[in-house]
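Asker:
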Amino acid sequence: MADARGRAPDVTAGSGDTSISAPPGTALRGVRALVTGGTSGLGRAMAHALARAGALTVVTSRDRRRAEATAHELGENVVGIGMDVRDDEAVQAGVDHLEARFGGLDLLVNNAGIGMRTVNPRFLTEPRPFWTVSPDGFRDVVGTKVTGSFLVARAVVPRMLRSGGGRVVIVSMNEHTMTRRGFVPYGPAGAGVEALARVMAADLEGSPVTVNILLPGGAAATGMIPEDATGEVRAMLLDPAVMGPPIVWLASPQAVHVHGERIVATEFENWRAEHAP
Ligand SMILES: NC(=O)c1ccc[n+]([C@@H]2O[C@H](COP(=O)([O-])OP(=O)(O)OC[C@H]3O[C@@H](n4cnc5c(N)ncnc54)[C@H](OP(=O)(O)O)[C@@H]3O)[C@@H](O)[C@H]2O)c1
Numbered sequence: 008m009a010d011a012r013g014r015a016p017d018v019t020a021g022s023g024d025t026s027i028s029a030p031p032g033t034a035l036r037g038v039r040a041l042v043t044g045g046t047s048g049l050g051r052a053m054a055h056a057l058a059r060a061g062a063l064t065v066v067t068s069r070d071r072r073r074a075e076a077t078a079h080e081l082g083e084n085v086v087g088i089g090m091d092v093r094d095d096e097a098v099q100a101g102v103d104h105l106e107a108r109f110g111g112l113d114l115l116v117n118n119a120g121i122g123m124r125t126v127n128p129r130f131l132t133e134p135r136p137f138w139t140v141s142p143d144g145f146r147d148v149v150g151t152k153v154t155g156s157f158l159v160a161r162a163v164v165p166r167m168l169r170s171g172g173g174r175v176v177i178v179s180m181n182e183h184t185m186t187r188r189g190f191v192p193y194g195p196a197g198a199g200v201e202a203l204a205r206v207m208a209a210d211l212e213g214s215p216v217t218v219n220i221l222l223p224g225g226a227a228a229t230g231m232i233p234e235d236a237t238g239e240v241r242a243m244l245l246d247p248a249v250m251g252p253p254i255v256w257l258a259s260p261q262a263v264h265v266h267g268e269r270i271v272a273t274e275f276e277n278w279r280a281e282h283a284p
């Protein structure tokens, strides 16, 4: 199917179409969620949790086949699409396709990112100063996390406003990581996306679309960790599944008025008891 701009979206279902069958959970039945970068790590864990709670969940990747394979593994109510978040035409085509196919989206999780490994494979043990980072390496990390989050939200939010509401969740990182030695460009990209989320929340104040920030609360065992990380380092990593309970809650009816918050997944239960009993 070609989109309105004549471009064929890189889209394939991981399973059926609108005939997607009933999920194991029902808490999020009827919710249509898009998780960018859902083939690995935190995105995959959030997609898994959303799908298990009953949401129709779309995962994206730079590679359509990887997205399809992930959707197939995660279950019948998960769909995989190829959508490079750095490419505004691909984003527009993907979001157009999802609207035509599912009638819209209720939740956008801006998660896609690439990490320090792409500019320094040994960043954990041998941090390098900013001037050793290549311009293209810098652009790629910032372009994925900051520009990518902007492009997808820019395509999705006007549709949410037109349809009467929606929720955007931006995946961020600890403040320490944003300014840590040897963490250019990943740290500044995290700071940028967090500022983007706050401006988006301000712009959408009083509207039916909410924006919140979610972060794991520490380094998690994902594709961002170097393959040669020691057992000692790996033992300290969070399980990506820590993102499951807060993302399911943020998609649920209980969180309908939650807006402009910054939620740390490892502290979610305490945060919820304090802010949203
Ligand atoms: N791991 C941590 O400790 C940690 C801590 C705080 C925050 N985060 C944040 O969590 C998010 C996910 O990272 P992760 O740690 O889960 O890493 P990961 O396991 O490497 O997963 C990254 C995901 O992003 C996707 N992706 C990368 N570039 C993309 C692009 N241009 N378009 C679409 N998808 C793209 C990848 O899919 P493909 O490779 O299939 O394209 C993959 O699914 C990032 O925003 C990161 O900053 C991570």
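Using the working numbering, read the sequence shown as starting at 8 and increasing by one per residue.
For each residue, glycine too, the CB sits at the ideal point set by N, CA and C.
Since the structure is predicted, the reported quantities are computational estimates derived from the model, not experimental observations.
1. Of all the alpha helix (DSSP H) runs that stay within the bounds of the stretch 77-123, which reach a length of 4 or more residues?
2. Quick one: what does DSSP say residue 249 is sitting in, helix, strand or coil?
3. Does residue 138 pass the burial test, meaning 16 or more other C-beta atoms within 10 Å, or should it be called exposed?
4. Tell me, please, which residues DSSP counts as bridged to residue 68.
5. Residue 113: buried (16+ other C-beta within 10 angstroms of its C-beta) or exposed?
6. Is residue 156 near ligand 1, judged by its Cβ being under 6 Å from some heavy atom?
7. To the nearest angstrom, how far is it from the Cα of residue 36 to the Cα of residue 82?
8. What did DSSP end up calling residue 277 once you bin it into helix, strand or coil?
9. Give the DSSP bridge partners of residue 218, in chain order.
10. When you compare the CB positions of residue 75 and residue 61, do they come within less than 7 Å of one another, or not?
11. Counting Cβ pairs, one atom from each stretch, are 3 or more of them under 8 Å apart for the stretch 144-151 and the stretch 218-236?
12. Taking Cβ positions, are residue 219 and residue 163 nearer each other than 7 Å?
13. Going by the beta-carbon positions, is the gap between residue 216 and residue 43 smaller than 7 Å?
14. By the 10 Å Cβ neighbour count, where 16 or more other Cβ atoms means buried, how is residue 127 classified, buried or exposed?
15. Buried or exposed, going by whether 16 or more other CB atoms sit within 10 Å of the CB of residue 99?
16. Threshold first: 3 residues or longer. Then list the beta strand (DSSP E) segments lying entirely within the stretch 150-213, N to C.
17. Pick from 258, 214, 265: whose alpha carbon is nearest that of residue 34?
18. With DSSP as the reference, please indicate the residues paired to residue 232 in a beta bridge.
19. Might you give, ordered along the chain, the residues of its own chain that have their beta carbon closer than 6 Å to the beta carbon of residue 69, omitting 5 neighbours on each side?
20. Given residue 230, which residues of its chain have a CB within under 7 Å of its CB, disregarding the five upstream and five downstream residues?
21. Would you identify the three-state DSSP class for residue 42, choosing helix, strand or coil?
22. Does DSSP put residue 227 in a helix, in a strand, or in coil?
Answerer: Short version:
1. Qualifying alpha helix (DSSP H) stretches, in chain order: 95-109.
2. Looking at residue 249 - three-state DSSP - the assignment turns out to be helix.
3. Classification for residue 138: exposed.
4. In DSSP, residue 68 forms a bridge with 89.
5. Around the beta carbon of residue 113, 16 or more other beta carbons lie within 10 angstroms, which makes this residue buried.
6. The answer is no for residue 156.
7. Looking at the backbone, the Cα of residue 36 and that of residue 82 are separated by about 14 Å.
8. DSSP places residue 277 in the helix class (H, G or I) of the three-state scheme.
9. For residue 218, which the question treats as bridged, DSSP gives the partners 175.
10. The answer is no: Cβ separation not under 7 Å.
11. Counting Cβ pairs under 8 Å, fewer than three are found: no touch.
12. In this structure, residue 163 does not lie closer than 7 Å to residue 219 by Cβ.
13. It is not a contact, given that the beta carbons lie outside the stated cut-off.
14. It is buried - the Cβ of residue 127 has at least 16 other Cβ atoms within 10 Å.
15. Residue 99 counts as buried, since no fewer than 16 other beta carbons sit within 10 angstroms of its beta carbon.
16. Runs found: 173-178.
17. Residue 34 has its Cα closest to that of 258, out of 258, 214, 265.
18. Answer by DSSP bridge pairing: none, since residue 232 is not bridged.
19. Same-chain partners within the cutoff: 91.
20. Within the same chain, residue 230 has close Cβ partners 47, 48.
21. Correct three-state label for residue 42: strand.
22. Strand at residue 227.
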